């Protein structure tokens, strides 16, 4: 038995290859799944199983691409009612891959259909050696049960039982292989380490130390980070099986005049993915801004409407292609074109540009101490961050919510935006400017 | 006989491998010379000759690195008085590489010691098949003779003879392989095509059509583009043989606080290589700006003092390493460190930043028509560009000259800078701000 | 105007990008055409024209893939009667790409429909600067007119006129850009240099020096290298437009037992692409051998039946994928699978292997001098090579012809095979062993 | 805390990066250590600690290169008496890297100076989260104590205490990070999985289940795989600190005649690294053979004399460079040159070659059943493999021992060699032929 771990930064997604000597399983694959095929080829094994622990909410899974390219069978929870061809498994089911036995546990909580695959390496011993726990348990955290707001408490209760009555019954030395690591929005406070053990988490995982079920439910249903818009969308796409990547249309390269013309087409939006100081330097008026260097996919999934054609502004073709891929990973498939040659072509044609002034922390400090009344200071971080610490006098409107809440801010006064890195402020500024704000 | 051409963008440098079946020569190699070694290995030949047509003024040659790594002999013009080990060749000398015969012509003009290697492929015929013409003749242009201002006219006269009495005596069908292409400052108006023929140039090269020697001299010594500062420096380095790349010190990675501290060290300067809109968005006060995407090496060689330690600000390590290499190619070897993690670390530490406002062409147009008196408009392009077309009321100070001429501009009024792409304006702005200008 | 040259070794194919400042043409593209798209992107131009000089006999052109991916228009000779969508051009037609003018000359000879595109760079002069001469004129050679044996003399006559009445009317300094270089079977004796000039060829090209038309015809229709079997096939595929590469089926990876079973399937053949000493060491009985390091595509196109499913034996997946691509380039599209893990799996299963003894030149020399009668010595080189020099007592049967002529050799006696590198002997040995020879 | 694992196949070596948010340690680095520097750069951390668990016997460590390039401090066991600059640590010592605490346990057994670094992630809990166990405990195995034959029993006894009194006192959930995985000769029977937990090994590790100390000692000092020759050599090199890779001389490329001449130089040997069937096909008489695709480094370290200049025969430059690197990893630093163009140049010069006949399992089976007396069958596998199963009538001489024991075989009779993959037989054949055997 050999285990390989794959980590996809930004969405902090962990996937795995579990291999014997000739065949292997891929657990919770990402959408661009060729890397598993190449790795398996290198390892000299064949992909025969694709295991889904649940219907992922934060990314599009690669099960369809992988099954089509390898002929492997997809295993998915029976109660997920997936509509693609698959082996539907539920509590008590088990199957083998060479000398490894995989037992299915139903572990609702993060999502209703969630299951866990417990692995026993029969060549070495009779007890479980590890468990693919998906989004039930993380390193230092547990899965959030509030993605379905209507049944959040019910799910939190189920999660309590999945953890205490199922996972924590496994031996201390059993390893756990979660589907996410630090940085994911599927939990609240994950550790940087990618895997752990039942025993270590039993002893040191704060959520597992809450023995009282009601307190557990209360803890898990309050003070949660927001759930981006695409979280509901992705689950459905994964249930039906997403379109294969190779069947999505290509991305056209447009000259500045062609780009300008295409912007007029119905349903198009411009997405600028350059660094936020560059966006501040100048940008196409009306464009959205998401810094490709930041948490691009999460915010793209969150704010970009999936039914619009996307026109990308980037520094290089590679950056544009990268932005397109990250959006495909979160189910935004309609990247139609990009501005060939980047902003320089736009500038050379003498087309209009917008600009945003960036200020340093020191400058803001002086400003706040001088005359608070003359401007509006909007803190665009998440409510939890705001609560932890914020500048007095600032109002808190998370960047994505500005799409609906920009009328809470007065257009007459200058608006200063603040976040932690500059990325969200830049997104917020792009939204405000779309809504007619001029002094941002 | 097989000829491979290598083009290095930005400095628009052409170098060549001239190969037989077992051995080959490299003509006018660039400083980072491993690519010739790899290519020769692929071709199955050994580098046995390194040919220098002259002491290059605009870049550091790779002859020393290449000779050390391959054992090949360096051929250089006798009158160049090079101090490294080499075969000194002059008019009438000839040597063979397998069945190729190379004849040396002395062709002073661009520089006093310039020579040309004329190739005869003895396996095919008795007449010259091509000539490595260095910077004597280009595609659509001839070498500029004004790099030594004191003897510019004398050199222009010699160039006339080198061209008319030597190169144009070659047959029409003889190919020419120059050391530069469009974009180089070693000529005035080169064509994009990399090589040409004697006959085509005889018929269509504007400079060759001036049959009168005096007119030729006059034409070649007036209206020339400026010669960057490193042009005199590089020749000397090449004469002595530059330090091997592998012996130059490495580039340290510094955190923001370390970087800030190092900035205080004597003789250090900060060079920001990000895109110019990003530099405009924010930057470290006092830093130089040269957009890595623009003509970085030429302006770096021009304005960066070679005796200062350089601290780089870049978006990524790759960009910083790239900036370092480009500077090494033009003889700026003292890149000491870079800011790890880029500007984000600086921002996160709350350190001060500067900012520059960018305006669109349209905005400037309106401004100029409204009230010319309220601001100074500086055109930082080269004089020739300025003469061709400029906005009325603007003054012309080429960006590099602002180092000495910033006192020609009033500090009290806002200063607007204009160039063709934004890159030189950004360099100019960084220089002005170093000199105390605030509203740029 | 900028010209980029692309060379594909083994089939010695030259293709070109001819670029202006925004758009470009690709001339005679290879089938795997993504490299032109990437290069054009790097150059910042768009592919708008695809120019075919003729229906290539020795490789599959990439015009269909390229047109589908870029939207560029295909230009092809009118008399070629191509059945895909294209601009049909003939003598006297001309069109422009930015400031470049392209004039069409009809130049039958190598093939009946052959045309040449003559380029005039109108930004520089009024005379032709270069010509895309396809397979009419090469560096040091001319196109062979004998690929259509029935009309070889007629074509040779036409070639004479195409050369003397059309191409040689171009100015001496006009460059020529042929579609092949040294190593191609489309000519007899090309030089290693990739391009040349009209004047140089006029003076030093042996075929052009034959001024008498009849002698020219005689020379060009005798002593020609053989024409591989795929030469007739490829022209037809190119006329109809080949299938897009992305639509061809993938290559399956099989274990040794699966591979052994698949070998029994009707219409399958095994192709071993390892080095010839490794094939000699051991191989699967009945397999064809073509060393991937040798002139693989030419011999694959020549001897491998295009209507059979091909099972590949290679050292690595990369080698197998490479063999597949090379075969696609010459129109052999039915690569179905490869032996995963190479021969080691076969050996480990204890399956039968064949072996061939390799002897050194010295050993053969002694053998020949001892007792010529006891064995048959077959020289499997081409007739022309055989005529130049051969061992007394050897018979000449070119390797590909052994497919039909193995009964000319006695099975009873040991057979020794000889060629120049070992590759063709190994192919020959694999054919003989398929035909029941045991002592090879 | 974040842990990254690096695996080097063939020698089955595991090394690790243990990172906080700004700095990191590298544990038991390999000699070509740039990959850790690149990875750390990607992770945005700086290498500040280099931890050695013991003086590795089977490979050269990269501590010197890494320290020189990063400025990090080397930690090594005090009793190892290393002579380079380092922090000498012993039982009870502890130090921190950010919020991680590392405690040193002295764990002699595999080697006398062996230590273990136990990690506590103080940001999460007060108990150990993992331990860098070097070669004390493996997945499914324990370190072999027999590398110092004189004190094997003594070391086995110490190992017993190191395991039972120290490592097994750690909590069940504590993870273990060993320095080797399946395929290494530092243990007997490691599992394919790279890491494990104390609890799982306590329950299922066969060696840990032997509770009786004497039985443990007996088990660990009998039936051990052989220890290659370089095992004693590497420890010493690591103690002194190996030469930096960049200071080793380059590898010359020689033509066949140059190569032939160099072979005559005193102290040179020829090492052929092509595949074993290719070596069988033909090879330079007198050359050693080690298939680069097999367990090349172990056998190279074992049989190649470190004081001889090595001349490499390989299919490609890449293979030759690869062979050179693998030898450097096991302390064979004198690779002087390789045969440019591979064996083809040798053949083309008509130089002598040797050949070896390969036979299939089936053929051998028939041979054995026919007439055992007429030949000698030598099984060149390790004694343990031989004992498990072998062909009746075969004698067992492990391939490396043939260097001293070839006189046990009669030169008059044909010799058949057998192993498991063909690689060792090929090595054995090359040794026998060096010793005058002709019919192998």
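Chains as they are written, first to last, in the working numbering: chain A, 1 to 440; chain B, 441 to 880; chain C, 881 to 1320; chain D, 1321 to 1760. Backbone N, C-alpha and C fix where the C-beta goes; we use that ideal spot for every residue, glycine too. This structure is a prediction, so every number in the text was calculated from the model and none was measured.
Query, Result
"Selection of the stretch 283-304 of chain A by Cβ proximity to chain D, strictly under 8 Å", "none"
"Burial state of residue 880(B), where buried means 16 or more other Cβ atoms lie within 10 Å", "buried"
"Contact list for the stretch 989-1018 of chain C against chain B, Cβ threshold 7 Å", "1004, 1005, 1007, 1009"
"Simplified DSSP state of residue 194(A), which is helix, strand or coil", "coil"
"Cβ pair count under 8 Å reaching 3, the stretch 1463-1479 of chain D against the stretch 1409-1417 of chain D", "no"
"Per-residue contacts from residue 1582(D) into chain B (C-beta, under 8 Å)", "The premise fails here: residue 1582(D) is roughly 15 Å from chain B at the closest Cβ pair, so nothing lies under 8 Å."
"Where residue 1271(C) sits in the DSSP three-state scheme", "coil"
"Length of the line joining the Cα atoms of residue 524(B) and residue 512(B)", "13 Å"
"Coarse secondary structure for residue 975(C), derived from DSSP in three states", "strand"
"Inter-residue spacing [alpha-carbon to alpha-carbon] between residue 139(A) and residue 15(A)", "15 Å"
"Cutoff 8 Å: residue 331(A) Cβ touching any chain B Cβ", "no"
"Three-pair Cβ contact test at 8 Å for the stretch 1657-1671 of chain D versus the stretch 1567-1580 of chain D", "yes"
"Spatial distance of residue 1535(D) from residue 1553(D) (CA atoms)", "30 Å"
"Start-end ranges of the beta strand (DSSP E) lying completely within the stretch 1459-1539 of chain D, minimum 3 residues", "1495-1498"
"Residue 97(A) beta carbon less than 8 Å from that of residue 21(A)", "no"
"Per-residue contacts from residue 1361(D) into chain B (C-beta, under 9 Å)", "693, 757, 780"
"Closest by C-alpha distance to residue 1328(D), when choosing among 1650(D), 1705(D), 1496(D), 1424(D)", "1650(D)"
"Residue range of the beta strand (DSSP E) that includes residue 1109(C)", "It is not in any beta strand (DSSP E) - residue 1109(C) carries neither H nor E in the DSSP assignment."
"Residue range of the alpha helix (DSSP H) that includes residue 738(B)", "736-743"
"C-alpha distance - residue 1054(C) paired with residue 613(B), whole-angstrom precision", "8 Å"
"Residues that residue 1765(D) bridges to, as DSSP identifies them", "This structure leaves residue 1765(D) out entirely; chain D is present only between 1321 and 1760."
"Proximity test, Cβ basis, 8 Å: residue 502(B) and chain D", "no"
"Beta carbon proximity, residue 802(B) to chain A, threshold 8 Å", "yes"
"Whole-angstrom distance between residue 1509(D) and residue 1747(D), CA atom to CA atom", "24 Å"
"Chain D residues whose Cβ lies nearer than 7 Å to that of residue 484(B)", "1661"
"Beta-carbon proximity of residue 748(B) to residue 774(B), cut-off 8 Å", "yes"
"Classification of residue 407(A) by the beta-carbon crowding that lies within 10 angstroms, buried from 16 upward", "exposed"
"Residues bridged to residue 77(A) [DSSP beta-bridge criterion]", "89(A)"
"Coarse secondary structure for residue 1225(C), derived from DSSP in three states", "helix"
"Chain A residues whose Cβ lies nearer than 7 Å to that of residue 715(B)", "278, 315"
"Any non-hydrogen atom of the ligand GTP closer than 7 Å to residue 1588(D) Cβ", "In terms of ligand content, the structure shown is empty, and the ligand GTP therefore cannot be addressed."
"Validate contact between the stretch 1529-1548 of chain D and the stretch 37-51 of chain A using beta carbons, cut 8 Å, 3 pairs", "no"
"Closer than 8 Å to chain B by CB, residue 421(A)", "yes"
"is_contact[residue 1512(D), chain A] using C-beta, thresh 8 Å", "yes"
"Cutoff 8 Å; reference residue 1533(D); Cβ partners in own chain excluding five residues on either side", "1477, 1480"
"Residues near residue 1256(C) in its chain [Cβ-Cβ closer than 8 Å; skip 5 each side]", "1275, 1289, 1290, 1293, 1294, 1295, 1296"
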